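These protein sequence lines are chains A and B, in that order. One point on numbering: in UniProt numbering, the residue at position 149 of the first sequence is 149, and numbering is uninterrupted. One point on numbering: in UniProt numbering, the residue at position 419 of the second sequence is 419, and numbering is uninterrupted. We treat Cβ as the ideally placed atom computed from N, Cα and C, and that holds for glycine. For clarity, every value in this text was computed on a predicted model and none was experimentally measured. Take a look at the structure below.
There are 2 protein chains.
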Amino acid sequence: MGGSAAAGKSVDGGGRAAQRVPVPEARPFLDTFRANLKETFFPDDPFRAVVRERGFGRRAAAALRYFFPFLEWAPAYRLGTFKSDLIAGITIASLAIPQGISYAKLANLPPILGLYSSFVPPLVYAMMGSSKDLAVGTVAVASLLIASMLGAEVSATENPALYLHLAFTATFFAGVIQASLGILRLGFIVDFLSHAAIVGFMGGAATVVCLQQLKGMLGLEHFTTSTDLVSVMRSVFSQTHQWRWESVVLGCGFLFFLLVTRFFSKRQPRFFWVSAAAPLTSVILGSLLVYFTHAENHGVQIIGNLKKGLNPISVTNLQFTPPYMMLALKTGLITGVIALAEGIAVGRSFAMFKNYHIDGNKEMIAIGTMNILGSFTSCYLTTGPFSRSAVNYNAGCKTAMSNVVMSLAVMVTLLFLTPLFHYTPLVVLSAIIMSAMLGLIDFPAAVHLWHVDKVDFCVCAGAYLGVVFGSVEMGLVVAVAISVLRVLLFVARPRTTVLGNVPDTNVYRRMDQYTTARAVPGVLVLRVDSPIYFANSGYLRERFTRWIDEDDERTSAKGETGVQYVVLDMGAVGSIDTSGTSMLDELKKTLDRRGIQIVLANPGSEIMKKLDSSKVLELIGHEWIFPTVGEAVAECDFVLHSHKPGMVVDGASHENMV
Amino acid sequence: MGGSAAAGKSVDGGGRAAQRVPVPEARPFLDTFRANLKETFFPDDPFRAVVRERGFGRRAAAALRYFFPFLEWAPAYRLGTFKSDLIAGITIASLAIPQGISYAKLANLPPILGLYSSFVPPLVYAMMGSSKDLAVGTVAVASLLIASMLGAEVSATENPALYLHLAFTATFFAGVIQASLGILRLGFIVDFLSHAAIVGFMGGAATVVCLQQLKGMLGLEHFTTSTDLVSVMRSVFSQTHQWRWESVVLGCGFLFFLLVTRFFSKRQPRFFWVSAAAPLTSVILGSLLVYFTHAENHGVQIIGNLKKGLNPISVTNLQFTPPYMMLALKTGLITGVIALAEGIAVGRSFAMFKNYHIDGNKEMIAIGTMNILGSFTSCYLTTGPFSRSAVNYNAGCKTAMSNVVMSLAVMVTLLFLTPLFHYTPLVVLSAIIMSAMLGLIDFPAAVHLWHVDKVDFCVCAGAYLGVVFGSVEMGLVVAVAISVLRVLLFVARPRTTVLGNVPDTNVYRRMDQYTTARAVPGVLVLRVDSPIYFANSGYLRERFTRWIDEDDERTSAKGETGVQYVVLDMGAVGSIDTSGTSMLDELKKTLDRRGIQIVLANPGSEIMKKLDSSKVLELIGHEWIFPTVGEAVAECDFVLHSHKPGMVVDGASHENMV
């Protein structure tokens, strides 16, 4: 590397411009601001396809294709593709009808709403969504959340009309929030729900939903409105005399049937349709059983009348007046974000399998629009549930047309088949929900988290316990709080390591990881693995001092020369703020008093800019900043060996020299 | 580096163990946990001095010396040192007496409390504090906060006894919280108040305090209890007919005098005592003026009677019962943390000048204890104010003995001299506060922030505007929120850069910073500057894909070969969680489908451990992980040139080959 020759030049103050770390030219503030804004909010450059086109007409067409992806695939749609989509659509419809009714009951809403919600939203999604595999429908967790959040203030049994209207309003707000997040390019907020948090949260929610099903399974009439384990257990065991054996037997039988079919389909993926058709089969069998045995007179509760006909318009039912608007807004916010997280995650997973691209923010606009339009037409919150989308994928869907098929099948049901559900026993719905929920408890994932990352496991366990023993919202807050705390702690307590030279090379490595790396006498090479921010500048100052003290103790015990140069490897320092530059300023002054020279290696361009504008560059001296640790150490080594140690230890004379 | 020879070996699957990146051995979970805990909470290894000693007696003595640093310096204390401390102590006493009275008025507390608070706490600090320069006393910002927070629920004029007791209780809680933060080693919470936040917050608080002084300066009897600019201006201009010219003239005169002396002392640091003595001089001059002109009968308000005697015991006055306990707790929490931040920052700054070490957590215990004991003896919240400590430092203090001298001087005042303050006009106190506050508005610091770091400037401006137009608490919340958001955004949107080879070396540099760096055909080297966490794993996956797409577009436009290897430089990735490992897993699978091989360079030991336990290491293949980018690219280059491109592009055959 020619270290000594180069170092000789730097002592006389020049001639080494080529090896200097450049200070980037100052760019106008607005340019930097615009570039940062783009990188933060448009990292995927979504309008590339639009901007590439020339002329207004072509651009408008490209923009239309951007917002309505079906314009892209519909013109080239062929019969062969349709056959695949038809099969997939009918399969998911047979799942959507019983699940829709079940989840609507879970949300304390009229069962018919589950069917309404499987009619309009899938049509909207088919036009606007970019996923080919997402199957639209209601989800259990959001349904439960609606029941618990709205139910805390408005009783679904005492004031069903208000409760229903609030559910529409919450759906409207959820849609508005989802679409806004997409339009404002704030999709990354959803990323703050980490995978670990979602595993714990979903497991907890599934547990809670299963517990709620004890009402239906045991045939109880009264039940707690709380969702936590303690309240539910107290409610169940305080009325053991009310348990109905007919209900228990029927429920357990169907649950067993559903679990066996699910297990079978999992083992034999060709027979995916067995588990997909099982819920509808259960509903039909259960209804026939009740119809012929008149079990409804023996304590087996049934759905009762379902109104025939398509979705009534509900836009006039939205409540935009106090005191309930805030409640609907809060419910919409939380359920909307959770539903969105599931929808986006599902869309991305399947896109990855089939190797196409999903634009998260555009998906948010699609899901948001579908909920807004849904809230106008008597639907409640929908998203892309994982289980149904997996069935869609396994059934061989090719485009979003499978959603249209499902929607049409539901339409036929609404128009002609609703009376058939009159005798469907509620306990079958409970069994359907429970069997779906048991699949959401992902125990192996939790074990995996424990093995790979203990903090992630804590996030997961926190979310689970928060949901099961507190409430769904509490679990969410706990999970997000631990996740954010982890990020903050990473920045507040960054790892600092001592680097050593790998013999016979110019390479410097962490001495704790690479056992062959050796320390250079008189030179301490330190590395920081995080940005230097206000949150860690105080810590880093103390930690650097402690490294130097420890090294001094070690060397003085051995009778070697102490530290005379501290080389900071800034390679992993991604950013620095004014607290960070002040810290370097102070560190430089403190080390000067101890006669130790501070040397920086490999700072990035942003760091150089900040050091320059804060005058710290001037203080340290541009000649003490090197592109690599190797060059920095070579320079230190050269100065150490070409002068008497006394001169270097004495800070004043050393400063004069440079 | 012998790249091709080494690469040749790796293809046949072995013999290169020395250059492999080692996977660290699994350590027992509890060991890792303990080590992390130590690094997080005891980064400064505070008990080193204690642990080093042998035998119980010596250890106990060392521990005692640790908690009571005066045991360290007192035995060796000499007369020469005392002379310096005596001068410094008397100087700060002459500042403490008028400031103490002024700030107590600001807190709507009886003026005598300002003197009480300068008697007991300094004695406690002298025993327990480790700073040699900190001068203990009350501060304006905390005083104002007490007035605004307690005053919002309890009126100081209508219910003075309750208000007083709540002030003691708040001080007690502040002390408990400060000491607990120290004992629980949570001192880093204070670090989350960044320098920028403090500049803005202090400036805003100083503005607000000055605005409050308009009451005294204009001689108004009634005044708003709000602190925001709008309320104060409305209050001032709605009662222009109440303005007293005598008060205005007197106030402006003294303010001018104080500012001139301060300006003079700043220019001539030898004459630091001029500005230090100016407040007491103003008080004496003002009192004499009122005494001889009987201005108290012409609308100039005076302090009135001050009780003679030392601090009465107030431990029985603490309120631990609802409904006011929560108010006191909240006030104590906020004022305690703010006072602590100032005290620690001041202690550290002066320790840096004199090159000795301050243990932040131990300081917190000292400040907390002094406030707990203070709350038992009729004192309200004290800390180490910057202005007074600067005077102490300039006056040549050598040890914490100067606090003892100040305390004794205040004791003499309390015992014999309080009647002298009877005629002190309130307007002089207002002038003293205003002149002190104007020094806190650090306009050049704000300009510096703008030049160095725009985000820090936003934090500063947010804190300032929040305090001035909202409330002190709001300013604090705004500042902390922007600061935390910045950290989160740094992690959520990390910078990714393309690295290029510096010709004739093995070194890879950012191509946007080092213009000489050149891309290697067929190999894309990407670098991430942050940990890979849940908050950015989605973003990074998209960003990586976009880099590859862009590179493909560029090369195909030129007719060159497209990307066949993506080398990820993990050198700056300090940590990874399970979302991060899943992202790499997905990325590997996606790139495999495109026939692109993923290669990792320079992962740290923690990363290797996570990759190993999550099986991603197995998926990518240990042979595709290299200690440096240079070696990684050499290997890719070797494979590229020793096989036909077709073989490499075809993912399947390539996988068979490795």
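Original post:
Whose C-beta lies closer than 7 Å to the C-beta of B/Gly100 among residues of the same chain, with five residues either side of it excluded?
Top reply: So the qualifying residues of the chain are Gly114, Leu115, Ser117, Ser118, Gly137 and Thr138.
**OP:** Would you mind telling me which residues of chain B sit closer than 7 Å to A/Asp453, beta carbon to beta carbon, in chain order?
**Re:** Within 7 Å of the CB of A/Asp453, the CB atoms of chain B belong to Asp577, Thr578 and Lys610, in sequence order along the chain.
Original post:
Would the segment 445-464 of chain B and the segment 194-207 of chain B be scored as touching if the rule is three or more Cβ pairs under 8 Å?
Top reply: With a cut-off of 8 Å, the segment 194-207 of chain B and the segment 445-464 of chain B count as touching, because enough Cβ pairs lie within range.
**OP:** Helix, strand or coil for B/Asp569, going by three-state DSSP, please let me know.
**Re:** Three-state result, B/Asp569: strand.
Original post:
What does a CB cutoff of less than 6 Å around B/Ala652 pick up in its chain, not counting 5 residues either side in sequence?
Top reply: Here the model assigns B/Ala652 a pLDDT of 38, short of 50, so the residue's position is not dependable and the matter cannot be decided.
Original post:
Quick one: what's got a C-beta closer than 6 Å to A/Val649's C-beta in the same chain, skipping five residues either side?
Top reply: Legend: pLDDT at A/Val649 = 39, less than 50; position of this residue unreliable, value from coordinates given subsequently. Same-chain partners within the cutoff: Gly595.
Original post:
Between B/Gly646 and the rest of its own chain, which residues show a CB-CB distance below 8 Å, the 5 nearest in sequence each way excluded?
Top reply: Because the pLDDT at B/Gly646 is just 42, under 50, the model does not fix this residue reliably, and the point stays unresolved.
**OP:** Please decide whether A/Tyr533 counts as near chain B, where near means a Cβ-Cβ distance under 8 Å.
**Re:** Yes - at least one Cβ of chain B is within 8 Å of the one on A/Tyr533.
Subject >> Opening and closing residue of the beta strand (DSSP E) in which B/Leu310 lies >> reply: No beta strand (DSSP E) contains B/Leu310, which DSSP labels as neither H nor E.
Original post:
Comparing the C-beta of residue 662 of chain A with each C-beta of chain B, is any distance below 8 Å?
Top reply: Since the displayed chain A opens at 1 and closes at 658, residue 662 of chain A lies outside it and no answer follows.
Original post:
Can you tell me where the alpha helix (DSSP H) with A/Val199 in it begins and where it stops?
Top reply: Note, A/Val199: alpha helix (DSSP H), His195 to Leu218.
Original post:
So, is A/Tyr356 buried or exposed, given that buried needs 16 or more other C-beta atoms within 10 angstroms?
Top reply: Result: exposed.
Original post:
In chain A, which residues lie less than 8 Å from B/Gln319 when you measure between Cβ atoms?
Top reply: By Cβ distance, chain A contributes nothing, its closest Cβ being about 31 Å from B/Gln319, past 8 Å.
Subject >> Helix, strand or coil at B/Thr32 according to DSSP, with G and I counted as helix >> reply: Helix, per DSSP.
Original post:
Taking DSSP as the reference, what is the three-state secondary structure of A/Val21?
Top reply: Of the three classes helix, strand and coil, the one that applies to A/Val21 here is coil, per DSSP.
Original post:
Which of helix, strand or coil does DSSP assign to A/Asn501?
Top reply: Reduced to three states, the DSSP call for A/Asn501 is strand.
**OP:** Could you check what DSSP says for B/Val639 in three-state terms: helix, strand or coil?
**Re:** In the structure shown, B/Val639 adopts helical secondary structure according to DSSP, grouped into three states.
Subject >> Within-8 Å CB hit, B/Pro22 to chain A >> reply: Yes, because at least one Cβ of chain A sits closer than 8 Å to the Cβ of B/Pro22.
Subject >> Test: A/Met352 CB closer than 8 Å to a CB of chain B >> reply: By this cut-off, A/Met352 is an interface position.
**OP:** Please determine if the segment 173-180 of chain B and the segment 424-435 of chain B are in contact, where contact requires at least 3 C-beta pairs separated by less than 8 Å.
**Re:** Contact between the segment 173-180 of chain B and the segment 424-435 of chain B is absent, because fewer than three Cβ pairs lie under 8 Å.
Subject >> Supposed contact pair A/Gly129 and residue 679 of chain A - C-beta distance, whole angstroms, cut 8 Å >> reply: No answer is possible for residue 679 of chain A: the residues shown for chain A start at 1 and end at 658.
Original post:
Hey, is B/Tyr324's beta-carbon within less than 8 Å of any beta-carbon in chain A?
Top reply: With 8 Å as the cut-off, B/Tyr324 does not count as an interface residue toward chain A.
**OP:** Look at the Cβ atom of A/Leu566, then the Cβ atom of A/Leu524, and state whether they are nearer than 8 Å.
**Re:** In the sequence under discussion, the amino acid at residue 566 of chain A is Val, which differs from the Leu named in the question. Yes, the Cβ-Cβ distance between A/Val566 and A/Leu524 is below 8 Å.
**OP:** Assign A/Cys252 to buried or exposed, taking buried as 16 or more other Cβ atoms, counted over all protein chains shown, within 10 Å of its Cβ.
**Re:** Note on A/Cys252: under 16 other CB atoms within 10 angstroms of its CB, so exposed under the neighbour-count rule.
Original post:
For A/Pro419, which of helix, strand or coil comes out of DSSP?
Top reply: Helix, per DSSP.
**OP:** Have a look at B/Arg509, B/Asp133, B/Pro323 and B/Phe168 and flag the residue whose alpha-carbon is nearest the alpha-carbon of B/Asn392.
**Re:** Among B/Arg509, B/Asp133, B/Pro323 and B/Phe168, the Cα nearest to that of B/Asn392 belongs to B/Asp133.
Subject >> Minimum C-alpha distance to A/Leu144 - residue among A/Val283, A/Arg493 and A/Ala104 >> reply: With distances taken between Cα atoms, A/Leu144 lies closest to A/Ala104.
Original post:
In chain A, what lies closer than 7 Å to B/Arg185 by C-beta?
Top reply: None at all; the shortest Cβ gap to chain A is about 11 Å.
**OP:** Identify whether A/Val523 lies in helix, strand or coil by the three-state DSSP scheme.
**Re:** DSSP places A/Val523 in strand when its eight states are reduced to three.
**OP:** Please classify B/Met370: is it buried, with 16 or more other beta-carbons within 10 angstroms of its beta-carbon, or exposed?
**Re:** Counting Cβ neighbours within 10 Å, B/Met370 comes out buried, since at least 16 surround it.
Original post:
Considering only C-alpha positions, which residue in the set B/Glu221, B/Gln564 and B/Thr545 is nearest to B/Met583?
Top reply: The shortest C-alpha separation from B/Met583 is found at B/Thr545.
Original post:
How far does the beta strand (DSSP E) with A/Val154 in it reach, from first residue to last?
Top reply: From DSSP, A/Val154 is part of no beta strand (DSSP E); its letter is neither H nor E.
**OP:** Using the DSSP secondary-structure output, state which residues sit across from B/Phe626 in a beta bridge.
**Re:** B/Phe626 is bridged to B/Ala601.
**OP:** Using the Cα positions of A/Phe638 and B/Leu526, report the straight-line distance between them to the nearest angstrom.
**Re:** About 34 Å.
Original post:
Looking at the unbroken beta strand (DSSP E) that takes in A/Arg48, where does it start and where does it end?
Top reply: Unbroken run through A/Arg48 is the alpha helix (DSSP H), Arg48 to Arg52; no beta strand (DSSP E).
Subject >> Check whether B/Val484 and B/Gly475 have beta carbons under 8 Å apart >> reply: No, these two residues do not count as a Cβ contact at 8 Å.
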